[in-house]
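Written out below as structure tokens is the structure these notes cover.
Have a look at this one:
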């Protein structure tokens, strides 16, 4: 003869199983997207580092200019600044 057996499981535990079951594939996709984002960030940092390196090299080249060039620039008269027009106001538009 067969024996019947039962077990009591709390609703919170069953609910956790359901969430794990249905989100298992979603979790894999989310982990994959997170890894792609990390890779993108790493690439951006490497690119920023290379840009910083290039700008540092160009600054070094700029500081090695001939001193006479700096003297020529200093000897030129300063360009006169153009006067900026008065800022427009919403209250003056109708007039």
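Numbering (this note's numbering), first residue to last: 1069 to 1163.
For each residue, glycine too, the CB sits at the ideal point set by N, CA and C.
Under the three-state reduction of DSSP, which class applies to residue i: helix, strand or coil?
i: residue 1073; result: coil
i: residue 1081; result: helix
i: residue 1104; result: helix
i: residue 1099; result: helix
i: residue 1154; result: coil
Please indicate yes or no: does the CB of residue i lie closer than 7 Å to some heavy atom of the ligand MN?
i: residue 1154; result: Because no ligand of any kind appears in the structure shown, any question about the ligand MN cannot be addressed here.
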